[in-house]
Each structure stands twice: as C-alpha cells, then as structure tokens.
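Participant:
2 protein chains.
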Amino acid sequence: MKQVKIGICGLGTVGGGTVQVLRRNAALISGRAGCELTITRVATRSKRGDIELGDIPSSTDVFDVVRDPEVDILVELIGGYDTARELVLAAIAAGKHVVTANKALIAVHGNEIFAAAAQKGVIVAYEAGVAGGIPVIKAIREGLAANRINWLAGIINGTGNYILTEMRTGRPFDEVLAEAQALGYAEADPTFDVEGTDAAHKLTIMASAAFGVPLQFERAYTEGIRDLTPYDISHAEALGYRVKHLGIARQREDGIELRVHPTLVPVNHMMGKVDGVLNAILVDGDAVGQTLYHGPGAGSEATASSVIADLVDVARSVAASSNQRVPYLGFGPEAVTDHRILPMDEIRSAYYLRIQAFDRPGVLAKVATILSDNGINIESIMQKESEFQDGRIPVILLTHTVQERQINQAIAQMEALEDVEGNVVRIRAENFL
Amino acid sequence: MKQVKIGICGLGTVGGGTVQVLRRNAALISGRAGCELTITRVATRSKRGDIELGDIPSSTDVFDVVRDPEVDILVELIGGYDTARELVLAAIAAGKHVVTANKALIAVHGNEIFAAAAQKGVIVAYEAGVAGGIPVIKAIREGLAANRINWLAGIINGTGNYILTEMRTGRPFDEVLAEAQALGYAEADPTFDVEGTDAAHKLTIMASAAFGVPLQFERAYTEGIRDLTPYDISHAEALGYRVKHLGIARQREDGIELRVHPTLVPVNHMMGKVDGVLNAILVDGDAVGQTLYHGPGAGSEATASSVIADLVDVARSVAASSNQRVPYLGFGPEAVTDHRILPMDEIRSAYYLRIQAFDRPGVLAKVATILSDNGINIESIMQKESEFQDGRIPVILLTHTVQERQINQAIAQMEALEDVEGNVVRIRAENFL
Numbered sequence: 001m002k003q004v005k006i007g008i009c010g011l012g013t014v015g016g017g018t019v020q021v022l023r024r025n026a027a028l029i030s031g032r033a034g035c036e037l038t039i040t041r042v043a044t045r046s047k048r049g050d051i052e053l054g055d056i057p058s059s060t061d062v063f064d065v066v067r068d069p070e071v072d073i074l075v076e077l078i079g080g081y082d083t084a085r086e087l088v089l090a091a092i093a094a095g096k097h098v099v100t101a102n103k104a105l106i107a108v109h110g111n112e113i114f115a116a117a118a119q120k121g122v123i124v125a126y127e128a129g130v131a132g133g134i135p136v137i138k139a140i141r142e143g144l145a146a147n148r149i150n151w152l153a154g155i156i157n158g159t160g161n162y163i164l165t166e167m168r169t170g171r172p173f174d175e176v177l178a179e180a181q182a183l184g185y186a187e188a189d190p191t192f193d194v195e196g197t198d199a200a201h202k203l204t205i206m207a208s209a210a211f212g213v214p215l216q217f218e219r220a221y222t223e224g225i226r227d228l229t230p231y232d233i234s235h236a237e238a239l240g241y242r243v244k245h246l247g248i249a250r251q252r253e254d255g256i257e258l259r260v261h262p263t264l265v266p267v268n269h270m271m272g273k274v275d276g277v278l279n280a281i282l283v284d285g286d287a288v289g290q291t292l293y294h295g296p297g298a299g300s301e302a303t304a305s306s307v308i309a310d311l312v313d314v315a316r317s318v319a320a321s322s323n324q325r326v327p328y329l330g331f332g333p334e335a336v337t338d339h340r341i342l343p344m345d346e347i348r349s350a351y352y353l354r355i356q357a358f359d360r361p362g363v364l365a366k367v368a369t370i371l372s373d374n375g376i377n378i379e380s381i382m383q384k385e386s387e388f389q390d391g392r393i394p395v396i397l398l399t400h401t402v403q404e405r406q407i408n409q410a411i412a413q414m415e416a417l418e419d420v421e422g423n424v425v426r427i428r429a430e431n432f433l
Numbered sequence: 434m435k436q437v438k439i440g441i442c443g444l445g446t447v448g449g450g451t452v453q454v455l456r457r458n459a460a461l462i463s464g465r466a467g468c469e470l471t472i473t474r475v476a477t478r479s480k481r482g483d484i485e486l487g488d489i490p491s492s493t494d495v496f497d498v499v500r501d502p503e504v505d506i507l508v509e510l511i512g513g514y515d516t517a518r519e520l521v522l523a524a525i526a527a528g529k530h531v532v533t534a535n536k537a538l539i540a541v542h543g544n545e546i547f548a549a550a551a552q553k554g555v556i557v558a559y560e561a562g563v564a565g566g567i568p569v570i571k572a573i574r575e576g577l578a579a580n581r582i583n584w585l586a587g588i589i590n591g592t593g594n595y596i597l598t599e600m601r602t603g604r605p606f607d608e609v610l611a612e613a614q615a616l617g618y619a620e621a622d623p624t625f626d627v628e629g630t631d632a633a634h635k636l637t638i639m640a641s642a643a644f645g646v647p648l649q650f651e652r653a654y655t656e657g658i659r660d661l662t663p664y665d666i667s668h669a670e671a672l673g674y675r676v677k678h679l680g681i682a683r684q685r686e687d688g689i690e691l692r693v694h695p696t697l698v699p700v701n702h703m704m705g706k707v708d709g710v711l712n713a714i715l716v717d718g719d720a721v722g723q724t725l726y727h728g729p730g731a732g733s734e735a736t737a738s739s740v741i742a743d744l745v746d747v748a749r750s751v752a753a754s755s756n757q758r759v760p761y762l763g764f765g766p767e768a769v770t771d772h773r774i775l776p777m778d779e780i781r782s783a784y785y786l787r788i789q790a791f792d793r794p795g796v797l798a799k800v801a802t803i804l805s806d807n808g809i810n811i812e813s814i815m816q817k818e819s820e821f822q823d824g825r826i827p828v829i830l831l832t833h834t835v836q837e838r839q840i841n842q843a844i845a846q847m848e849a850l851e852d853v854e855g856n857v858v859r860i861r862a863e864n865f866l
C-alpha cells in the first residue's frame, strides 16, 4: 500500500491527540484512505509526556519539517499568527500540502496563504480550525454546494457557551469564569474566548466558504459576554429565549452581515438546546432549507478527528497524484467576489431591551410611542409589579426585526426621557426565520 | 470553462427539483465545481408540468441516456428496484458515473453495483438516498474518517416522525396517518414508511459506510409504528421520554446491531426535539465523540441539494480526469470485512414495559421479582392509582440496558402470571450513552 508521509508541527493538545488517533485507528484509517498515513517527522517545543515518538525523527525547530523532502503533508498545530504564517508559507513554497487547526491564521492570513497555495497547486485544509470535531467546513464547501447560502449562525466557542449555560443558575459572569478556568475550560487569559475574537475567526472562515467572498476578519463585529447579567438572562428566559454567544453571517443584496455578539434565541429551537462546551452551526440554504451540525467544538481527540479527516482527503489526492481540488474557500478564485461587510448600523435584527424606569404612570406608553415613532413593532413587553424597588421598575420588551440604526435612535430617545434611569440594556435576538 | 455533461432519468419530485436548482444556481454551482454542469439529456415517463426543457433532448426511454455518448454522469431518479438496477448497471458498463437518490436500490443491490463500478473505475454517489438534504453520508465517509464509529442512531423517515409527533396530542395512529396522506406527507400506500422499510434501507447504507461491512439489508430488523398507542406515548412522556421511530446501528466485538423500531428517547436529548418531517442522525465516534446532523429528510429541492452536491463532487473528478476516489462505502474493497448481523435476541437495549395487571396486592412485587430473577435492573416503575379501572391497573416500568433475550424471558414469565391480563407491551428505549 502506498505511503503518504506526514510531518507534524506542534505536539500539544491537538498534536498529541492526532498522533494517538492516527496510531490507534491506523488500520481503519488506511482502509478508508487507500494509503498509509505515516508520521515521518515531528517538531515541537514542548511535547505531551504521554506521547511516545519511538524512532520518529523529532526536533524543536518546526522548519525542520519544511526542510525534510520526505514530508508530503505538513500539519501545523503550533497556533498563533507570525511563526505559523511563515511556516505554512514555507511549506507551500516547498510544494507541500498543509493541514492546520489554526483558525486565527486562516481568518487573518488566509487570503495570502490560499493565493500562494493556488500558485503551487497544493492543498491547504483547515476543518479542525472551525468547530473542533464537527465536519462543518466539509458540509458548507461540499455538502451544500448546490445552495445559495442565505445565512449561517453558530455557537462556536465552547468556553463562552459553558459560561452562559452556567449563568442560567443565577451566578455572575466573573464567578463562572473563574470556575471555568479552574476546570480547564477557559484559558488563564480568556480574552479570545469571552470577547468573541475566537468565534469571529471561525465565523469569518465559514462566511467566506459559504458566500464566496475573501476573508475579512478585520471587518467582523465582535461583542463579548462580560457585560451580561444573570438578571437579563433570567428575563430572557421569561420571554421564552435563551442567551447564547452567537456568530451570525448573512448574505444580503447590499452586503454581508458578519457579527459575533450575545443573542437571544428561542428556548424551544434546537439552537437553544446547545449547552455546555458543545458547538452547533445552523445553515440556511435556498434549496435545502435549514440544516444543523452539532457536536464537540474542542478537545484533543475531537479536534484531531478533523485534522485526520483533512489528512485522509489530502492523502487520497497525493496517492492518486491527482490535481482534483475542492477550492480553498469552496469557490474557485475567479468565482470569489468581493462584497462589502455591512456596518452594524445597517444590520437587521430583533432586540431585547431593558429600560430602568421611575415608576410613574405613562412610562410604558412613552417607551411604546418612541418605538412606534421609529417604525419599530413590539413583539412583547412586560413591566413586573413584583420587581418594583426604590421607586424604579424595569420595562422589558422584545421587538420585531428592524435595522440597528432604528433601535439605536429609539434607545437614545428613551435615555433622554426624565423617567428613564441610566442606559438601556440592548441584546440582539434571533428567530432563525 | 470545461463542461461536464449530465443526463437525468426521472423528472418527478426530485428530478424536477434538481433541474430547477441547477438552473437557478448555475453560476454559483459552476463557481464551486470549477466546471459547468450541463444537462444534455433527459428521460422521463411523466414530467412535472412546471419544468421547461427547452432544447434539451428528451424521451420516455431512460436507456436513451445510457446510449448517449455525450453523457458523463447519469442521474438515476426513477426509483424502484429492477429497472433502476438495470439502468445503473448499464450506465456503469458504458463507463458513465452515476448519481442516485435511490436508497432501496443501494441497500438491496449496492454490493453488486459497487463491484461493477469498481471494475470500470466509475463513481456511484448516493448522498440523496439517505436523509434527504442532510450531507450525512459525506460526514460519515469523509468527515469522520479518523474514527472507529461505535454506533449511529437516526430519525430517518419524515413521514413516521410526523405521525409520532402528531400522536403526542392524543390522536390515534390511523387518524394521523389519514391526515398525513391528505397533506401529502404520506403515500397512498404508506407501508414503506410506517413499517420501517424505508428507514431500514437508509440505516443499512449508513451502517456499511460507518463500519466497513457489506450491505446486508435483508438482515436488518424492522418493526413499524402502527401498533403504538397515544396511551403509551403519553406514559413515556411521564417517564421523561419521547417515542421516536429510530434506526440504530451499533458495532460490537461479536457483531453488528442493525434495527429499526419505535424507541423511547430522553425528551431533553437533542434527538427528542426532532419534530415533524425533519430528520436527524447522531453518530458516536471513538475520537470525536457524538456529532449530530439535523435537517429536512425529504422534499424536492432539499433532496436535489444532495443530488447536486454529488454531481459537483463527480464533476470535479471528471473535469480533472482524476482517478482520486472516495471508496463507495467509505472503505476500500479490501478493507470491507464481513461481520455478522446480530439476531435480535442478542441486541442490548433498555426497555419500557406496560403490564396490564389485576389490582391485587403483590402484583408489583411479583413483576419486580421476575425482573430481578432475570438479572434486569429497574430504572423506574409506576402503578398509577388514578388509572385503576374495572379491577385492573397498569404497571409501567423502564429497565436498565440488558440483552433482549433476558427481557423476552421475563415478559413470558410475567404473561404466565394469573395477575396479568393479555400481552405485555414492550418498547425499546435508548439513552445514547
């Protein structure tokens, strides 16, 4: 059986899992691939103690993998931007195929990397970068190839979803974050996860593969979950909604919405049921309708599962000396067309608003009038007598879908009312229609 | 741009949808495929009135498509067994690739068809045959290629799931079936759907792709939903379970479980939330863990979405004159190994039992003793005083997972008790552990 030779850069969580699964399921994987996937070289600065390398040559210099002429496929699992970019570009220049789990690299440097790879005719595969073990890139690029994809929405950061799930018990953000860090679900520096950067990386990649547009991570809007309170989470539940940190990409005639932010989703929708560290992506296509992909969005072997799926795809191509290719972003380079990313003022959404009002007659009427004057319909509104405190009472409401500019104008007018104290809380809501 | 030429056999629901989507999204699809997918010939006995063929040559003889030397890919959408088998084998013999939506054909004649196709080096693709628009074959064959798949479980018949969803309102099977027929969700002859044949076709195909075993439809166990009552459905709900018509395939050391039957699933599990005509497949792999695929399991354009995804895959191969292949059933012919299908006596499951007992002291104790004597643990048991009627009271219980032989022995012993009237109702239950 033909051998295809793999060089692995980085033996941390995902690299270690990749070696383990490649070994444990070697016969099964070669039975599927039609060739043997052999690890011929490894480079890592620090390696997991449980990974035995045996007689596989290894070093601490990842560029040794690029220099090894035996290596057909370089697997980039070192993470980060600069060295990873250099490494991948060097591998491409050396005519090697690349498999990576590095969402940041693809989201930020993908256009440059894919252009270089196209020139050399090599594959750059990145399934493991998006939603861990869920084969959602394959679904979007290949499985849904018939469709004009209208939009996709994903719970694509397990740490954030774990925190939001736990906050439903009434605990504040900081307390749950500290617990998540203790459990190893959150990094010591949780910024990437809780601010939405990680989700925006993944969303940017999915949006490009879905719509055939260049990667434009720098134009993605991100809003984190730090400011969410158990108070609003429980009021959202009272309205029949659950708060999720959602990435949403929508293709419109006039541009593309590309945004990550806390979002109310219907509690009875499948997306409302995605709890803990799990991920899910809902994709709306013009022919198929809505399909959902759900599973582990992180973890050693779950992510390794996607790394190896890509390795099998690439190995089939290497073994057959074939130039048959799935385009990097689903569309051939000539079919990728630029489409502007819409500023947030122009996106369309439903909204949850919480207004801290002084308990005077007519406040609710004034709020309703402002919304009406701005052309905003109200889905439901509540003002709970039981929450009256210190002369104040919250007015909580859910709107129909409107342009964000409208809601911001209405909020400014509400905040100018004498009857309203402080800022209006605004959380976007999504009904997946 | 290179043209790849398609001949379509059958212009009914799916064929019509395929033509419509290929036309509507022509630019987008060629942008993804890297070549133009051109319909060069059509053959159909009866065609949907809304499909305009223009100057595409058409006839009523599907073998005209085989005889047309221009055709690169034959799309078989005529359904059924005999003519479809002849047609596909003739296309293969003529060196044409085949895309089909015919689950019955693949489940029953797939081994023969794939052997013939392997000899000629042509592709036979069948994503549209399983779960309509959900790209689950691609997920199993490619996306999860790293995994030893332990089991998969699917709600894979929309008609049956619609009926079971409606029966939760307390209406009997016959009434809901008649309504489903009136709405066009069920065929005039609903046997394939409600008896589980259709689901068994799909399950057989998924099991072979997941485990690398030959197709063995004739050994799949099927049990329909006709005998389910709203009474048991509501008692399952009281226990925290929902009744679904599930296809389950499990790989064990000693063989493979391959079975379609009514099954209790936890109401809080994602599989318990799949309502109406939707489909969902849950797959458990050793590396990735559990991933779920959810969406429309039928319908004109949803199924066309999968037909066209296969066409794009095949067209890439044709355009690149490549011999790169994904094996028909995920595993290369030499890696497909026979593995016996376990008889139902040997499967392992949890069980819901309903025992119609005469209301005498000690009945529950006798039932519990019989279960205990057979090594069966009880998860929960209830005997509702409010349901006492005519001197009889139902004993309803849920067991832990045991071998089916054990439960059948216990049931025989219960039915021999003087205190028990008639047959014990037995429905399998699944916790997806």
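Just so you know, the sequences run in chain order A and B. Residue 344 in the working numbering sits at position 344 of the first sequence, with consecutive numbering throughout. Residue 655 in the working numbering sits at position 222 of the second sequence, with consecutive numbering throughout. Beta carbons: idealized from backbone N, C-alpha and C, even for Gly.
#1: Identify the continuous beta strand (DSSP E) that holds A:A249 and give its terminal residues.
#2: Closer than 9 angstroms between beta carbons: that is the criterion. Which residues of the stretch 286 to 298 of chain A meet it against chain B?
#3: Please list the partners that B:I462 has in chain A, where partner means a Cβ-to-Cβ separation under 7 angstroms.
#4: Grab me the residues of B:L661's own chain with a C-beta within less than 8 angstroms of its C-beta, minus the 5 sequence neighbours each way, in chain order.
#5: Using only alpha-carbon positions, find the residue among B:M815, B:I666, B:S805 that is nearest to B:Q839.
#6: Can you look up A:F114 in the DSSP assignment and give me helix, strand or coil?
#7: Can you pull the DSSP bridge partners for A:G158?
#8: Check whether the Cβ atoms of B:L507 and B:G587 lie closer than 8 angstroms to each other.
#9: Is the distance from the Cβ of A:D189 to the Cβ of A:N157 below 8 angstroms?
#10: Report the rounded CA-to-CA distance for A:E127 versus A:V19, giving the unit in angstroms.
#11: Between A:R32 and chain B, is any beta-carbon pair separated by less than 8 angstroms?
#12: If you measure from the beta carbon of B:V700 to each beta carbon in chain A, is any gap under 8 angstroms?
#13: Examine the Cβ distances between the stretch 477 to 489 of chain B and the stretch 540 to 554 of chain B and report whether three or more of them are shorter than 8 angstroms.
#14: Give a yes or no on whether the C-beta atoms belonging to A:H201 and A:A107 are separated by under 8 angstroms.
#15: Using a beta-carbon distance below 8 angstroms, is B:N756 in contact with chain A?
#16: Consider the Cβ of A:P327: report whether some Cβ of chain B lies at a distance smaller than 8 angstroms.
#17: Provide the residue span of the alpha helix (DSSP H) that contains A:E86, from first to last.
#18: Under 7 angstroms between beta-carbons, which chain A residues line up against B:F764? List them in chain order, please.
#19: Do the CB positions of B:G440 and B:R465 come within less than 8 angstroms of each other?
#20: Could you tell me whether any Cβ in chain A is nearer than 8 angstroms to the Cβ of B:S738?
#21: Please report the straight-line C-alpha distance between B:V700 and B:Y674, rounded to a whole angstrom.
#22: Using the beta-carbon of each residue, which ones in chain B are nearer than 8 angstroms to A:A302?
#23: When the Cβ atoms of the stretch 279 to 297 of chain A are set against those of the stretch 719 to 731 of chain B, are three or more pairs found closer than 8 angstroms?
#24: Check each candidate in A:L329, A:Y352, A:W151 and name the one with the smallest Cα separation from A:I123.
#25: Sorted by chain position, which residues of the same chain lie with C-beta nearer than 6 angstroms to A:A91's C-beta, five sequence neighbours on each side aside?
#26: Would you decide whether B:N856 is buried or exposed? Buried here means 16 or more other CB atoms lie within 10 Å of its CB.
#27: Quick check on A:G10 - is its C-beta less than 8 angstroms from some C-beta in chain B?
#28: Kindly indicate which residue of B:L444, B:I484, B:P647, B:I511 has the alpha-carbon position closest to the one of B:L772.
#29: So, do the stretch 388 to 404 of chain A and the stretch 362 to 377 of chain A have three or more beta carbon pairs nearer to each other than 8 angstroms?
#30: A:I29 to A:L311, Cα distance in whole Å?
#31: Given a cut-off of 8 angstroms, decide if B:G448 and B:G565 are closer than it, judged by their beta-carbon atoms.
#32: Could you compute how far the alpha carbon of A:G247 sits from the alpha carbon of B:D708?
#33: DSSP on A:Q216, reduced to helix/strand/coil?
#34: Is there at least one Cβ from chain B nearer than 8 angstroms to A:N431's Cβ?
#35: Please identify the residue among B:V693, B:I638, B:N535 whose C-alpha is closest to the C-alpha of B:T630.
#36: Please state if the CB of B:A615 and the CB of B:A682 are separated by a distance shorter than 8 angstroms.
Facilitator: On the basis of the data shown:
#1: Residues 241 to 252.
#2: Here the close residues are D286, A287, V288, G289, Q290, T291, L292, Y293, H294, G295, P296.
#3: Here the neighbours are A145, A146.
#4: Within the same chain, B:L661 has close Cβ partners L597, M600, F606, V676, P695, I860.
#5: Per the Cα distances, B:S805.
#6: Helix at A:F114.
#7: Paired residues: none, contrary to the question.
#8: The Cβ atoms of B:L507 and B:G587 do not sit closer than 8 angstroms to each other.
#9: At least 8 angstroms separates the beta-carbon of A:D189 from that of A:N157.
#10: Spanning the two alpha carbons is a distance of roughly 17 angstroms.
#11: At least one chain B Cβ lies under 8 angstroms of A:R32.
#12: Chain A has no Cβ within less than 8 angstroms of the Cβ of B:V700.
#13: Output reads no: the stretch 540 to 554 of chain B does not touch the stretch 477 to 489 of chain B.
#14: Taking 8 angstroms as the Cβ cut-off, A:H201 and A:A107 qualify as a contacting pair.
#15: B:N756 counts as touching chain A.
#16: Cβ-Cβ to chain B under 8 angstroms: yes for A:P327.
#17: Counting along the chain, the alpha helix (DSSP H) containing A:E86 begins and ends at 82 to 93.
#18: Close to B:F764, with beta-carbon spacing below 7 angstroms, are these residues of chain A in chain order: G31, R32.
#19: Going by C-beta atoms, B:G440 is not nearer than 8 angstroms to B:R465.
#20: Residue-level contact by beta carbon holds for B:S738 and chain A, with a gap shorter than 8 angstroms.
#21: Within the model, the alpha-carbon separation for B:V700 versus B:Y674 is close to 5 angstroms.
#22: Here the neighbours are A720, V721, G722.
#23: The stretch 279 to 297 of chain A is in contact with the stretch 719 to 731 of chain B.
#24: The closest CA to that of A:I123, considering only A:L329, A:Y352, A:W151, is found on A:L329.
#25: Taken in chain order, the residues that qualify are V66, L74, V98.
#26: Label assigned to B:N856: exposed.
#27: False, the Cβ-Cβ gap to chain B never drops below 8 angstroms.
#28: Note that residue 772 of chain B corresponds to His in the displayed sequence, not to Leu. Closest option to B:H772, Cα to Cα, is B:P647.
#29: Contact between the stretch 388 to 404 of chain A and the stretch 362 to 377 of chain A is present, because at least three Cβ pairs lie under 8 angstroms.
#30: Cα-Cα distance, rounded: 10 angstroms.
#31: No, the pair does not count as a contact, with Cβ atoms beyond the cut-off.
#32: Rounded to whole angstroms, A:G247 to B:D708 spans 25 angstroms at the Cα level.
#33: In the three-state scheme derived from DSSP, where H, G and I count as helix and E and B as strand, A:Q216 is classed as coil.
#34: No, because no Cβ of chain B sits closer than 8 angstroms to the Cβ of A:N431.
#35: Comparing alpha-carbon positions, the option among B:V693, B:I638, B:N535 lying closest to B:T630 turns out to be B:V693.
#36: It is not a contact, given that the beta carbons lie outside the stated cut-off.
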